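Taking my numbering, the leading residue of the sequence shown gets 14, the next gets one more, and so forth. Below is one structure, written out as structure tokens; comments come after it.
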Amino acid sequence: MYKKHFGFKERPFTLVPNPAFLFLSKSHEEALAHLSYAVEQGEGFVEITGEVGTGKTTLCRAFIEGLDNNTEVAYIFNPKLDSIQLLKAINDELNIDSKPDNTKDLIDTLNRFLIKKISEGGKSLILIDEAQNLSPDVLEQLRLLSNLETNTKKLLQIILVGQPELGEMLNSYELRQLGQRITLSCHISPLTARETSDYIQHRIQRASLKSTVKFDRTAIRNIYKFSGGVPRLINIACDRALLTAFVLNQQKVTGKTSYSAIRELSSTGGAGKKSPLYNKIRILTASIIIVFLLIFILSYNEVSDNNTILQKIVSSAPESSETNYQEQMEETSVNREFKEVSQNKKTRGETQPVVTSNDKKLEKVIENSPTMEISETTGKRQVADIAEELTPHEILVNPEPLMAKEETSLNLEFFLKKNNGRSTRSHAIINVLELWGIKPEIEHDINTIRKDHRFFQLAAEKNGLNLYSVNNNLALIKILNLPAVLKFKSMGDQPPGFYILYKTTNNKITLSSPGNGEKIEVEDNEFKLYWENIAYIPWMDKYSITGIIPVRAPWKSVVGLKNLLEDIGFSYIEINSVYDENCINAVKEIQKKYGITVDGIVGTRTKIALYNESRSFKGPHINN
């Protein structure tokens, strides 16, 4: 969509592992050198590992393209196979007979081919991508294949490429025989900040006809913070940033443009999730800090009154509750950076910077926007194929503060103690579905799911609805104006309760107990004392506007969007599959009305806002 605007011959940041776009960072160059050396020297087993999205597949394809004609390669990229299937796949890749259905005949055929190939001065290798998905039995079969040899050399070289779990498998006691045969091993690391800048420029140059588009330093810094140097996440962020710049008619990607793009990404996928290693480091750091604090307290105990210290610790406990700690641990680095900037400016009495031209709307939205989100898909990350969970959760840019414990409302406390035992997930979702005019069907198997988010999502999907999750943002819940299931804290020995957000006014909300229909109206401040800061909101996508327009959506979604806009009252919209200027402007108008980032990108929040404006489609609302 933006190729002509920026002068590209093709999109520079697609997720396709195109070898022409290979960027050799220090660790990528080292891995490629290992592969080349292994083939040249005839090494038996080679192991290449790297986190998700670090460019392993692109590297493999570039390596294969660089091999000479005397080298035969069996490239296996879908290794969830049993031993027989793997042998058949290898023979297929080498263009030899794969019809036999037994191991012996398949290996005999392969052995004859390998002997002939080596007698002609050629080489043969097997390269298995995503090798962490191989079962122990299949890995053992590969070890046996490595026994195919002459008196002087191996007939076959095997290269295993996969995620760090592959290394853990090969180091296990069960696979120690295979692990001992790994002669070369290399790990591909994420890019450094400098390499990230070079990587972005490299891909732009590769895709350009006459492009002069630039990413300024702040934009690159934001993208690096978001991606952690993982090439796939860099591609996702850069592609979205270019799209946002295009919508705003900019020729340069600024820090504010990149921030807007990253916020939208975080609201639609787990793209910004950190790697397991990153999370381990954060947990380790937190543990070290706790240890030092304990040492300090113990040392202080030697010269202070122990009871006084304990009283201080107990009295300060509400300030560092488990909920707040979890929020801090889940916060993305981009979110932290913008919080710190905002807080520093408030301390100095400064206001947020005002941007001229097309950036004014964008800056205003950035300042006022209440949330960042993370979700799943399409993954675990990553947006359909981009993320890791199925629907978005939200992280606040400026979280609403929890109220002090002293302000407890005895009325709400009594209500929760009375009803928590019967206010279950099943009752709650059934009540909300009935508000949509649906006769709910909740299968028994769904009730066995432990994770609340997954439970509500499957229950909604089973009954023809989607699910949107909001964390710690009552203001956004009110804006979306749909009934929600809210989770409340456990009371005494009772489990946590799930209640229906039935009605809202300016400073009050009405809760309904799904067990008996009893209702209570409470002040927002009282409500926040007991709320677990999570809301599950079912919503209906009548026009099947799937994906994210215009980033990643089928043409039918654009047609559905235009039909919805026409229903809202935008009569000048031409119904076709082109996401044109009139359509973009109409979407922006609705986004502005609802306080959503005004970028013309149709994500979940924008879809809900659009359906709320529909004249023919009326769902249940909490604020009429």
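All C-beta atoms in this analysis are idealised placements derived from N, C-alpha and C, irrespective of residue type, glycine included. Note that the structure is a prediction, hence the values are computed from the model and not measured.
Identity of the residue in the options nearest residue i by Cα
| i | options | result |
| --- | --- | --- |
| residue 480 | 491, 496, 42 | 496 |
| residue 218 | 75, 105, 24, 109 | 24 |
| residue 202 | 44, 115, 587, 26 | 44 |
| residue 242 | 466, 36, 184 | 36 |
| residue 212 | 251, 485, 62 | 251 |
| residue 178 | 602, 144, 237 | 144 |
| residue 486 | 114, 546, 107 | 546 |
| residue 564 | 612, 529, 540 | 612 |
| residue 28 | 65, 104, 197, 57 | 65 |
| residue 591 | 427, 93, 176, 566 | 566 |
| residue 576 | 105, 630, 127, 519 | 630 |
| residue 442 | 462, 469, 426 | 469 |
| residue 196 | 60, 234, 111 | 60 |
| residue 119 | 471, 191, 129, 105 | 105 |
| residue 46 | 231, 514, 198, 597 | 198 |
| residue 8 | 48, 128, 124, 150 | Because residue 8 is not part of the residues shown, which for the chain are 14 to 637, the question remains open. |
DSSP-derived helix/strand/coil call for residue i
| i | result |
| --- | --- |
| residue 112 | coil |
| residue 223 | coil |
| residue 39 | helix |
| residue 25 | coil |
| residue 84 | strand |
| residue 591 | coil |
| residue 55 | coil |
| residue 600 | helix |
| residue 642 | Outside the displayed span of the chain (14 to 637) sits residue 642, for which this structure offers no information. |
| residue 65 | coil |
| residue 193 | coil |
| residue 551 | strand |
| residue 236 | helix |
| residue 447 | helix |
| residue 634 | coil |
| residue 557 | coil |
| residue 186 | coil |
| residue 126 | helix |
| residue 585 | coil |
| residue 484 | strand |
| residue 70 | helix |
| residue 428 | helix |
Nonlocal neighbours in the same chain, by C-beta distance under 6 Å from residue i, ignoring five residues either side
| i | result |
| --- | --- |
| residue 18 | 259 |
| residue 162 | 168 |
| residue 446 | 453, 476 |
| residue 448 | 496, 633 |
| residue 579 | 586 |
| residue 583 | 599 |
Exposure of residue i, with buried meaning 16 or more beta-carbon neighbours within 10 Å
| i | result |
| --- | --- |
| residue 438 | buried |
| residue 187 | exposed |
| residue 587 | exposed |
| residue 247 | buried |
| residue 182 | buried |
| residue 557 | exposed |
| residue 265 | exposed |
| residue 302 | exposed |
| residue 568 | exposed |
| residue 78 | exposed |
| residue 142 | buried |
| residue 456 | exposed |
| residue 238 | buried |
| residue 216 | buried |
| residue 472 | buried |
| residue 91 | exposed |
Sequence-distant residues of its chain with Cβ nearer than 7 Å to residue i (five each side left out)
| i | result |
| --- | --- |
| residue 483 | 407, 489, 490, 548, 550 |
| residue 517 | 491, 635, 636 |
| residue 534 | 521, 523 |
| residue 126 | 107, 109 |
| residue 190 | 156 |
Close beta carbons around residue i, own chain, < 8 Å, minus the five adjacent residues each side
| i | result |
| --- | --- |
| residue 20 | 221, 222, 223, 224, 225, 226 |
| residue 593 | 587 |
| residue 427 | none |
* Kindly confirm or deny that the stretch 32-49 and the stretch 149-164 touch, where touching means at least three C-beta pairs closer than 8 Å. => no
* **Segment contact flag, the stretch 158-172 with the stretch 52-67, C-beta cutoff 8 Å, min 3 pairs** => yes
* Asked: Are at least three pairs of beta-carbons, each pair with one atom in the stretch 82-90 and one in the stretch 122-136, less than 8 Å apart?
  -> yes
* Asked: With a cut-off of 8 Å, do at least 3 Cβ pairs link the stretch 591-611 to the stretch 621-631?
  -> yes
* Can you find at least 3 beta carbon pairs, one from the stretch 73-83 and one from the stretch 93-108, that sit closer than 8 Å? -> no
* Taking one C-beta from the stretch 507-520 and one from the stretch 422-436 each time, how about it: are there three or more such pairs within less than 8 Å? -> Counting Cβ pairs under 8 Å, three or more are found: they touch.
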